[in-house]
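Chemist:
2 protein chains.
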Amino acid sequence: MTRFKLTLEYDGTTLLGWQRQLDGPSAQEYLEKAAFGFTGQEVEIMAAGRTDAGVHALGQVAHVDLDTKLNEYRLLQAFNAHLRQLEAPVAVLKIEVAPEGFHARFSAQGRGYIYRILNRAAPPIIDKNRVWWLPYKLDIEAMRQGAAYLLGHHDFSSFRAAACQAKSPLKTLDKLDIERLGEEIIFTVEARSFLHHQVRNMVGTLKQVGNGEIAPEEVKNILEKKDRSAAGPTAPACGLYLSKVVY
Amino acid sequence: MTRFKLTLEYDGTTLLGWQRQLDGPSAQEYLEKAAFGFTGQEVEIMAAGRTDAGVHALGQVAHVDLDTKLNEYRLLQAFNAHLRQLEAPVAVLKIEVAPEGFHARFSAQGRGYIYRILNRAAPPIIDKNRVWWLPYKLDIEAMRQGAAYLLGHHDFSSFRAAACQAKSPLKTLDKLDIERLGEEIIFTVEARSFLHHQVRNMVGTLKQVGNGEIAPEEVKNILEKKDRSAAGPTAPACGLYLSKVVY
């Protein structure tokens, strides 16, 4: 039995998320079915973290234990061939033999997300389901000022979903960069770990800063209130990408 | 009656192309239906050039004559609202009052295309139907050498589809740049006008240079043969984008 580390891309649009569900497709289910397809083994594939319905991944990481003679390259081909046969919106980007003691979730030292806003008058076409469309002017400088209050070690209760299962609301936000790239506004967010909906709730609040609903300084007050109702709405799933997991 | 210039984005995946067809959806039909939806006028919308089934547009240009009191901004909103209602994979990016004597096709001074290759082991997921997937190594330097023979004024018969209706196979290719951007190889191609399938046939041939099937110098021989069967296969439509029309 060998433990393999898989790096994954998926399109969350038609998925209920990472985790296997009884009532619809998930990235985990597709990958486990693909593995069964070429090994005949019923395996459980563990990811660095769950993603919600509609959220995409460019660099999710998972591990799987397989009894196989295929090398990493052949495994990659076998996974992707079976995923294509299943018409899964999932691909395996990279397969490596995992280091001793590796666990996709517990060994992870950090996670990175990006969030894409399409900021133009016309709705997205080529990037449909890939961005949050906001047709009005956003003040990116104000958003950056607001974002600065979120960096560092804080109680992020104001940005935490009710369903969040984390033991503590204390997290350390290492990066929250906001850049304009053509018609898009891109958030790059990094931390050791995140609360449920934390990135989408931060983006939803910073969008309110961007359109002038609230002042940048208000983000500090919202954080200090430790109350979800103080912050802005949850930004839609379709703009969010799990971009990397650091080990 | 006012003539308006429309700048358009569309996703060609489910379209039979730009032009109205009896047997399926087209960008033209969606736009004409949208215009009818808010003006009640049966209009004909003329584009700078036809695009084939599956080919995308980031900057197609068209014109339409409308009897309307709406200003450009309201027209943009009306078009896009009706296109969304039709679930059309088409958006109007910009509307301007056309200059005197403007004709989307006959006034055009140049066209620009981009062609996207995804060059990695794993198939495209987020960019499904947006790129040509080539999983093996491509020598971009050799492709550039081959591309250099195509620049300038030539008889492009070797890169011309049998169905091409152009009067002459003589065209002047102003730009054919090839760049690597992450996992992608991007072609940027510009000319006053192109033969039918010219860009896709050039890309299909340069891909053969990239994977070593033919030497870069062979592109010169292919061009001189003025025979379609001398060149490589037509690259798939899904990687091609009409990116701009210059007036």
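Protein sequence lines correspond, in order, to chains S and U. Position one of the first sequence corresponds to residue 3 (the working numbering), numbered consecutively onward. Position one of the second sequence corresponds to residue 3 (the working numbering), numbered consecutively onward. From the three backbone atoms N, C-alpha and C, an ideal C-beta is built for every residue, glycine too. Given the structure is predicted, the values throughout are model-derived calculations rather than measurements.
Leaving aside the five residues before and after S245(U) along the sequence, list all residues of the same chain whose C-beta is less than 7 Å from its C-beta, in chain order.
Modeler: Here residue 245(U) refers to the residue found at position 243 of the second sequence. Closer than 7 Å at Cβ, skipping near neighbours: L60, G61, G114, Y115 and I116.
Chemist: Determine which residues of the region 83-102 of chain U have a Cβ less than 7 Å from any Cβ of chain S, and write them out in chain order.
Modeler: The residues in question are R86, P91, V92, A93, V94 and L95.
Chemist: Going straight from the alpha carbon of A36(U) to that of L172(S), what length do you get?
Modeler: Here residue 36(U) corresponds to residue number 34 of the second sequence, with the count starting at 1. Here residue 172(S) corresponds to residue number 170 of the first sequence, with the count starting at 1. Each residue's Cα considered, the two are about 51 Å apart.
Chemist: Are any of the Cβ atoms in chain U nearer than 8 Å to that of D13(S)?
Modeler: Residue 13(S) sits at position 11 when you count from the first residue of the first sequence. Yes, D13(S) counts as interfacial toward chain U.
Chemist: Using a beta-carbon distance below 8 Å, is R132(S) in contact with chain U?
Modeler: The residue given as residue 132(S) occupies position 130 in the first sequence. Chain U, which has a Cβ nearer than 8 Å to the Cβ of R132(S), makes this yes.
Chemist: Three-state secondary structure (DSSP) at R132(S)?
Modeler: Along the first sequence, read from residue 1 onward, the residue named residue 132(S) stands at position 130. Here R132(S) sits in coil by DSSP.
Chemist: Going by the DSSP bridge assignment, what does G114(U) pair with across the sheet?
Modeler: In the second sequence, residue 114(U) corresponds to position 112, counting from 1. Bridge partners of G114(U): E192(U) and K246(U).
Chemist: Give every residue of the same chain whose Cβ lies closer than 6 Å to the Cβ of N203(S), excluding the five residues on either side of it in the sequence, and list them in chain order.
Modeler: Against the first sequence, residue 203(S) aligns to sequence position 201. Closer than 6 Å at the Cβ level, and outside the excluded window around N203(S), lie F161, A233 and T236.
Chemist: Could you give the distance in angstroms between the alpha-carbon of H252(U) and the alpha-carbon of I47(U)?
Modeler: Nothing can be reported for residue 252(U): it is not among the residues displayed for chain U, which extend from 3 to 249.
Chemist: Please confirm whether H105(S) has its beta-carbon closer than 8 Å to some beta-carbon of chain U.
Modeler: The residue you call residue 105(S) lines up with position 103 of the first sequence. No, no contact with chain U.
Chemist: Pick helix, strand or coil for L197(U), following the three-state DSSP scheme.
Modeler: Position 195 of the second sequence, counting from 1, holds the residue named residue 197(U). Coil, per DSSP.
Chemist: Does any residue of chain S have a CB that is nearer than 8 Å to the CB of H198(U)?
Modeler: Numbered from 1 along the second sequence, position 196 holds the residue referred to as residue 198(U). No - not a single Cβ of chain S is within 8 Å of the one on H198(U).
Chemist: Is the Cβ of P332(U) closer than 8 Å to any Cβ of chain S?
Modeler: It is not possible to answer for residue 332(U), since the shown part of chain U is limited to 3 through 249.
Chemist: At the level of alpha carbons, what is the spacing between A49(S) and D129(S)?
Modeler: For the purposes of this step, residue 49(S) is taken as residue 47 along the first sequence, with counting starting at 1. For the purposes of this step, residue 129(S) is taken as residue 127 along the first sequence, with counting starting at 1. C-alpha separation (whole angstroms): 26 Å.
Chemist: Quick one: is K139(U) buried, meaning 16 or more other Cβ sit within 10 Å of its Cβ, or exposed?
Modeler: On the second sequence, residue 139(U) is found 137 positions in, with the first residue counted as 1. Label assigned to K139(U): exposed.
Chemist: Let me see if you follow: with CB-CB separation under 8 Å, is I187(S) close to chain U or not?
Modeler: Translated into positions along the first sequence, residue 187(S) becomes position 185. Output row for I187(S): interface = no.
Chemist: Applying the criterion that 16 or more other CB atoms from any shown protein chain within 10 Å of the CB defines a buried residue, is S28(S) buried or exposed?
Modeler: Taking the first residue of the first sequence as 1, we reach residue 28(S) at position 26. Flag for S28(S) reads buried.
Chemist: In the structure shown, what three-state DSSP assignment does E215(S) receive?
Modeler: Position 213 of the first sequence holds residue 215(S). Looking at E215(S) - three-state DSSP - the assignment turns out to be coil, as it is neither helix nor strand.
Chemist: Using only the alpha-carbon positions, how far apart do L242(U) and E226(S) sit?
Modeler: Locating residue 242(U) in the second sequence gives position 240, where the first residue counts as 1. Locating residue 226(S) in the first sequence gives position 224, where the first residue counts as 1. If you take the alpha carbons of L242(U) and E226(S), they lie about 50 Å apart.
Chemist: Who are the neighbours of L60(S) on chain U, taking C-beta pairs under 8 Å?
Modeler: One-based indexing of the first sequence puts residue 60(S) at position 58. I128, listed in chain order.
Chemist: Is it buried or exposed for G26(U), if we count other Cβ within 10 angstroms and need 16 for buried?
Modeler: Residue numbering aside, residue 26(U) sits at position 24 when the second sequence is read from its first letter. The residue in question, G26(U), is exposed, as its Cβ has fewer than 16 Cβ neighbours within 10 Å.
Chemist: Using a C-beta to C-beta distance shorter than 8 Å, which residues of chain S count as neighbours of L68(U)?
Modeler: In the second sequence, counting from the first residue as 1, residue 68(U) sits at position 66. Result: empty, since nearest Cβ-Cβ is about 18 Å, beyond 8 Å.
Chemist: Less than 8 Å between the CB atoms is what I'm expecting for K96(U) and T41(U), so what's the real figure, rounded?
Modeler: The count along the second sequence starts at 1 and reaches residue 96(U) at position 94. The count along the second sequence starts at 1 and reaches residue 41(U) at position 39. With 8 Å as the limit, K96(U) and T41(U) do not qualify as a contact, their Cβ atoms being about 19 Å apart.
Chemist: Is it buried or exposed, V191(U), if we count other Cβ atoms within 10 angstroms and call 16 or more buried?
Modeler: The residue labelled residue 191(U) in the question sits at position 189 within the second sequence. Looking at its Cβ environment, which holds 16 or more other Cβ atoms inside 10 Å, V191(U) is buried.
Chemist: If you follow the beta strand (DSSP E) that I97(U) is part of, which residue opens it and which one closes it?
Modeler: Counting from one through the second sequence, the residue named residue 97(U) turns up at place 95. From DSSP, the beta strand (DSSP E) with I97(U) extends over V92 to V99.
Chemist: When the Cα atoms are used, what is the spatial distance from S195(U) to L68(S)?
Modeler: Mapped onto the second sequence, residue 195(U) falls at position 193. Mapped onto the first sequence, residue 68(S) falls at position 66. So the alpha carbons of these two residues sit roughly 55 Å apart.
Chemist: Tell me where the beta strand (DSSP E) around I47(U) begins and ends.
Modeler: Residue mapping note: residue 47(U) aligns to position 45 of the second sequence, counting from 1. Careful: I47(U) lies outside any beta strand (DSSP E) and carries neither H nor E.
Chemist: Give every residue of the same chain whose Cβ lies closer than 8 Å to the Cβ of G154(S), excluding the five residues on either side of it in the sequence, and list them in chain order.
Modeler: Position 152 of the first sequence holds residue 154(S). Contacts found: T174 and L175.
Chemist: Can you name the residues of chain U whose CB is closer than 9 Å to the CB of L78(S)?
Modeler: Counting from 1 along the first sequence, the entry for residue 78(S) is found at position 76. Within chain U, the residues near L78(S) are A123 and A124.
Chemist: Please report the straight-line C-alpha distance between L18(U) and E34(U), rounded to a whole angstrom.
Modeler: Your numbering for residue 18(U) matches position 16 in the second sequence. Your numbering for residue 34(U) matches position 32 in the second sequence. Each residue's Cα considered, the two are about 15 Å apart.
Chemist: From the DSSP secondary-structure annotation, give me the bridge partner or partners of L183(U).
Modeler: Position 181 of the second sequence, counted from the first residue, corresponds to residue 183(U). Its beta-bridge partners are E186(U).
Chemist: Checking the sheet assignment: what are the DSSP bridge partners for R5(S)?
Modeler: Position 3 of the first sequence, counted from the start, is the residue given in the question as residue 5(S). DSSP output for R5(S) lists D67(S) as bridge partner(s).
Chemist: I need the boundaries of the alpha helix (DSSP H) containing G103(U), first residue and last residue.
Modeler: Counted from its first residue, the second sequence places residue 103(U) at position 101. Per DSSP, G103(U) belongs to no alpha helix (DSSP H) and is neither H nor E.
Chemist: For K71(U), count neighbouring C-beta atoms within 10 Å of its own C-beta (all shown protein chains included) and say buried if the count is 16 or more, exposed if not.
Modeler: Taking the first residue of the second sequence as position 1, residue 71(U) is located at position 69. The residue in question, K71(U), is exposed, as its Cβ has fewer than 16 Cβ neighbours within 10 Å.
Chemist: Whose C-beta lies closer than 6 Å to the C-beta of V248(S) among residues of the same chain, with five residues either side of it excluded?
Modeler: Along the first sequence, one-based indexing puts residue 248(S) at 246. The answer, listed in chain order, is Q111 and G112.
Chemist: Do the CB positions of I119(U) and E186(U) come within less than 8 Å of each other?
Modeler: As a position in the second sequence, residue 119(U) is number 117, starting the count at 1. As a position in the second sequence, residue 186(U) is number 184, starting the count at 1. Contact flag set, yes.
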